[in-house]
Amino acid sequence: MTNSHNPKLRSRAWFDNPENVDMTSLYLERYLNFGLSLEELRSGKPIIGIAQTGSDLSPCNRHHLVLAERIREGIREAGGIALEFPVHPIQETGKRPTAGLDRNLAYLGLVEALYGYPLDGVVLTTGCDKTTPACLMAAATVNIPAIALSVGPMLNGWHKGERTGSGTIVWKGREMLAAGEIDDEGFIKLVASSAPSTGYCNTMGTATTMNSLAEALGMMLPGSAAIPAPYRDRQECAYRTGKRIVEMVHDDLKPSDILTIDAFRNAIVVNSAIGGSTNAPIHLAALARHMGVELALQEWETLGHKVPLLVNLQPAGEYLGEDYYRAGGVPAVVAQLIANGLIREDALTVNGKTIGENCRSATIEDERVIKAFDQPVREEAGFLVLSGNLFDAAIMKTSVISAEFRERYLSNPNDPEAIEGPAIVFDGPEDYHKRIDDPALGITSETLMFMRGAGPIGYPGAAEVVNMRPPAYLITEGVSALPCIGDGRQSGTSGSPSILNASPEAAALGGLALLETGDRVRIDLRKRTVNVLISDEELATRRAALEAKGGYAYPASQTPWQEIQRALVGQMNTGAILEGAEKFQRVAQTMGLPRDNH
Ligand code: FES
Ligand code: MG
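Just so we're aligned, residue 53 is where the sequence shown starts under my numbering, counting upward by one.
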């Protein structure tokens with residue numbers, strides 16, 4: 053038996069501990085069980101976890117079951133040993149009441165797996181919306197060498213010669229259905245056309261966003277986020293990712309070396325340029341807190357708002373995932389941003405090089421899909437951070453707003469026009485679905501639509517329910533959208549310029565809980581404010597009355613996890629993490645090894 057092991061590898065404490073042979077024998081015998089040999093386990097080779105997020109329950113990530121074979125081959129080729137294990141499944145559109153509930157649960161489970169088992173490094177298989185932040189958050193907490201592998205988007209969807217994009221086609225189809233242009237069967241066919249292959253949503257939804265940002269953060273091999281799932285390049289990338297993690301273990305290159313404040317700031321800038329999802333601020337805040345990096349929500353506006361939209365993908369633009377990859381993906385975007393001084397070039401990435409070294413010379417391969425910096429799809433495409441007497445913080449995505457809307461409400465400094473109108477308030481999506489087409493509500497083109505009870509505590513888990521369509525009678529009159537404001541989230545595939553993620557939520561007695569249908573509300577985008585036009589005294593009276601009633605009512609928890617999450621979760625402006633969990637940081641370094649189990 054060779055003993056040329058690296059004594060620093062944490063897996064040695066399990067498999068090669070001369071001071072505790074009885075425990076070593078116990079640990080060894082069960083990992084021999086599926087065919088590994090004593091020679092391998094005691095060879096001193098790094099043990100690499102493959103955190104598997106794919107399953108039949110998680111079809112967006114299911115292709116990782118195939119890719120894992122190539123990851124393994126890469127690990128083996130570089131002299132490591134692979135141990136694959138499941139991550140709690142998360143699937144955005146299948147999980148009820150919302151996959152938002154599961155990110156923190158998958159995080160917790162993965163922290164335990166990474167810390168409590170003999171792993172020296174890990175490949176994080178990312179993809180569907182919350183799988184990416186859940187994996188990165190856990191890797192940040194444990195802080196063993198980690199590299200992410202995106203499963204990649206689906207191929208482009210097509211219908212009658214037009215690109216149909218994941219999610220975006222649902223929002224469009226439901227308007228067509230409401231207007232009587234298609235029937236139920238036509239609607240389902242149209243939506244199904246957008247999902248032609250394995251992979252995640254092919255639009256710039258939360259999945260493409262979070263994987264692009266994982267690359268921009270430096271946690272994924274350069275150029276790898278955008279490769280479509282079925283492409284052969286994706287298989288090759290899986291192999292290279294497997295090889296690279298073994299080298300990272302030898303170099304002791306950890307998340308804390310990569311996920312610095314510079315990396316987060318780069319990700320914010322990249323998010324604006326790609327037209328990324330409004331879920332990104334929540335997930336990046338969560339990741340930063342678990343990494344111990346201070347990242348203020350306001351940075352999304354100060355660093356991000358001025359950045360132009362360069363990527364012409366649905367919902368803000370026209371194209372889809374395959375086009376994004378062929379046009380150059382993240383490196384082509386980053387190169388444009390570097391040339392204009394917007395990227396902190398020294399931020400280190402998983403390949404051991406800086407983002408500047410990786411991306412500086414990347415070129416745009418198709419200018420219809422990725423635009424040059426001076427010919428963007430849209431100027432000033434980042435988020436606005438809004439506040440007022442209805443909430444302390446909310447996000448508005450400006451990459452999707454029309455030129456006319458922008459001119460009228462946002463860009464013209466000499467004409468301070470605000471959006472003002474009567475509020476219609478819905479308590480949860482059931483309330484909205486039941487009442488939206490009722491003419492008695494009196495919704496007009498002036499109405500502002502509010503959704504509450506949809507936050508991390510209220511829903512629970514914060515659901516993507518804020519983007520609401522207007523009543524059918526308004527759509528037939530040509531009003532396809534009304535301003536929507538709420539304490540829930542919105543799908544990244546939606547093109548609505550909604551005001552989202554309002555914190556604190558109604559269930560935490562934020563100002564939205566005090567709003568009543570018929571109240572006039574004023575949105576002044578230039579001042580970044582949203583205020584209900586009633587006096588502070590009246591608000592205080594309403595608050596006292598609500599508190600006397602026991603607070604804002606929301607449905608009872610249905611599962612143990614719903615109850616636990618509700619008790620511990622924070623608000624979206626600070627990442628909606630389990631408060632208290634953030635004090636456990638870099639546990640592989642700060643906590644030593646877990647105790648022996650027998
Ligand atoms: Fe899984 Fe969009 S639903 S990626
Ligand atoms: Mg979503």
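The beta-carbon is built from N, C-alpha and C at its ideal position, and this holds for glycine as well.
Requested in this report: Compute the Euclidean distance between the alpha carbons of S56 and A130, then round it to the nearest angstrom.
Outcome: Note that S56 scores 41 on pLDDT, short of 50, meaning its location in the model is unreliable; the coordinates nonetheless yield the value given after this. Between S56 and A130, the C-alpha separation is close to 16 Å.
Query - As assigned by DSSP and simplified to three states, the class of G287 - result: The amino acid at residue 287 is misidentified as Gly; the sequence shows Gln. Three-state DSSP puts Q287 in a helix.
Query raised in the report: Any chance the segment 153-168 sits against the segment 116-133, with 3 or more Cβ pairs inside 8 Å?
Result: Output reads no: the segment 116-133 does not touch the segment 153-168.
Report task. For H485, name the three-state secondary structure that DSSP assigns. Result -> In this structure, H485 counts as helix in the three-state DSSP scheme.
Query - D285 to T330 span [Cα, whole Å] - result: Going by the C-alpha atoms only, they are around 29 Å apart.
Query raised in the report: When you compare only the Cα positions, how much space is there between M624 and L188?
Result: Taking the straight line from one Cα to the other gives about 18 Å.
Query raised in the report: What separation, rounded to the nearest whole angstrom, lies between the Cα atoms of V322 and A337?
Result: Rounded to the nearest whole angstrom, the CA to CA distance from V322 to A337 is 15 Å.
Report task. Identify the continuous beta strand (DSSP E) that holds L135 and give its terminal residues. Result -> Run containing L135: 133-138, per the beta strand (DSSP E) assignment.
Query raised in the report: A486: buried (16+ other C-beta within 10 angstroms of its C-beta) or exposed?
Result: In the sequence as displayed, the identity of residue 486 is Lys instead of Ala. Looking at its Cβ environment, which holds fewer than 16 other Cβ atoms inside 10 Å, K486 is exposed.
**Report entry** Cut-off 8 Å between Cβ atoms - residues of its own chain near I509, not counting five sequence neighbours on either side
**Finding:** So the list reads E557, A559, A560, Y606, R618, V621, once near-sequence residues are dropped.
Report task. Within its chain, find whatever has a CB closer than 6 Å to the CB of G614; leave out the 5 residues flanking it on each side and keep chain order. Result -> As written in the sequence, residue 614 is Gln, which differs from the Gly given in the question. Beyond the five residues adjoining it in sequence on each side, Q614 comes within less than 6 Å, by CB distance, of P512 in the same chain, given in chain order.
Query raised in the report: Along the chain, where does the alpha helix (DSSP H) that runs through G168 open and close?
Result: Element bounds for G168: 155-168.
Query raised in the report: Quick one: does the C-beta of G144 sit closer than 7 Å to a heavy atom of the ligand FES?
Result: The sequence given here has Glu at residue 144, not Gly. Distances between the C-beta of E144 and the heavy atoms of the ligand FES include at least one below 7 Å.
Query - Identity of the residue in G344, G328, E346, Y371 nearest P360 by Cα - result: Closest in C-alpha terms to P360, from the list G344, G328, E346, Y371, comes G328.
Query raised in the report: Whole alpha helix (DSSP H) runs in the segment 158-239 with 4 or more residues, listed along the chain?
Result: Taken in chain order, the whole alpha helix (DSSP H) runs of length 4 or more contained in the segment 158-239 are 183-194, 220-230.
Report task. Keeping to the same chain, check which residues put their C-beta closer than 8 Å to that of E631; ignore five residues upstream and five downstream. Result -> Apart from sequence neighbours up to five positions away, the residues of its chain that approach E631 with a beta-carbon distance below 8 Å are L620, V621, G622, ordered along the chain.
**Report entry** Close beta carbons around L493, own chain, < 7 Å, minus the five adjacent residues each side
**Finding:** The residues are I476, R487.
Report task. Keeping to the same chain, check which residues put their C-beta closer than 7 Å to that of P383; ignore five residues upstream and five downstream. Result -> Around P383: P274, G275, N410, C411, A414.
Query raised in the report: Using the C-alpha atoms, what's the distance from L347 back to E634?
Result: Distance between the alpha carbons of E634 and L347 is about 14 Å.
Query raised in the report: Would DSSP call M53 helix, strand or coil?
Result: Annotation note: pLDDT 33 at M53 (below 50); position unreliable, no value reported.
**Report entry** Distance CB(R296)-CB(V363) smaller than 8 Å
**Finding:** No, the pair does not count as a contact, with Cβ atoms beyond the cut-off.
**Report entry** Distance cut-off 7 Å: D154 Cβ against heavy atoms of the ligand FAD
**Finding:** Inclusion of the ligand FAD in the displayed structure is not the case, the ligand content consisting of the ligand FES and the ligand MG alone.
Report task. Below 8 Å on the Cβ atoms is my guess for V518 versus A533; work out the distance and round it to an integer in Å. Result -> V518 to A533, Cβ: 12 Å. No contact.
Requested in this report: Compute the distance between the beta-carbons of I495 and P535, then report whether it is under 8 Å.
Outcome: Not a contact, by the Cβ cut-off of 8 Å.
Query raised in the report: Excluding five sequence neighbours on each side, which residues of the same chain lie with their C-beta closer than 6 Å to the C-beta of R458?
Result: The answer is none, since no qualifying residue turns up.
Query raised in the report: With 16 as the cutoff for other CB atoms within 10 Å, does A340 come out buried or exposed?
Result: By the Cβ neighbour-count rule, A340 is buried, with 16 or more other Cβ atoms within 10 Å of its own.
**Report entry** Segments of 3+ residues assigned as beta strand (DSSP E) that fall wholly inside the segment 77-126
**Finding:** With a minimum length of 3 residues, the continuous beta strand (DSSP E) runs that stay inside the segment 77-126 are 99-104.
Query raised in the report: Since G225 contacts V243 with CB under 8 Å, what's their CB separation in whole angstroms?
Result: Indeed they touch by this definition, with Cβ atoms about 6 Å apart.
Query raised in the report: Considering only C-alpha positions, which residue in the set E374, K449, D398 is nearest to D418?
Result: Closest option to D418, judged by alpha-carbon separation, among E374, K449, D398: E374.
Report task. Quick one: grab the DSSP three-state call for L61. Result -> DSSP places L61 in coil when its eight states are reduced to three.
Query raised in the report: How would you label W210, buried or exposed, when you count the other beta carbons within 10 angstroms and need 16 or more for buried?
Result: It counts as exposed.
Query raised in the report: Would you say T255 and T581 are within 8 Å of each other, going by their C-beta atoms?
Result: No, these two residues do not count as a Cβ contact at 8 Å.
Report task. Go ahead and label K241 buried or exposed: buried means 16 or more other beta carbons lie within 10 angstroms of its beta carbon, across all protein chains shown. Result -> Exposed is the label assigned to K241, since fewer than 16 other Cβ atoms lie within 10 Å of its Cβ.
**Report entry** Proximity of L207 and S249 at Cβ, strictly below 8 Å
**Finding:** Against a cut-off of 8 Å, the Cβ pair of S249 and L207 comes out as a contact.
Query - Check: G168 C-beta below 7 Å from any heavy atom of the ligand FES - result: For the ligand FES, no non-hydrogen atom lies closer than 7 Å to the CB of G168.
Query raised in the report: Is the distance from the Cβ of E136 to the Cβ of A158 below 8 Å?
Result: Cβ atoms of E136 and A158: not closer than 8 Å.
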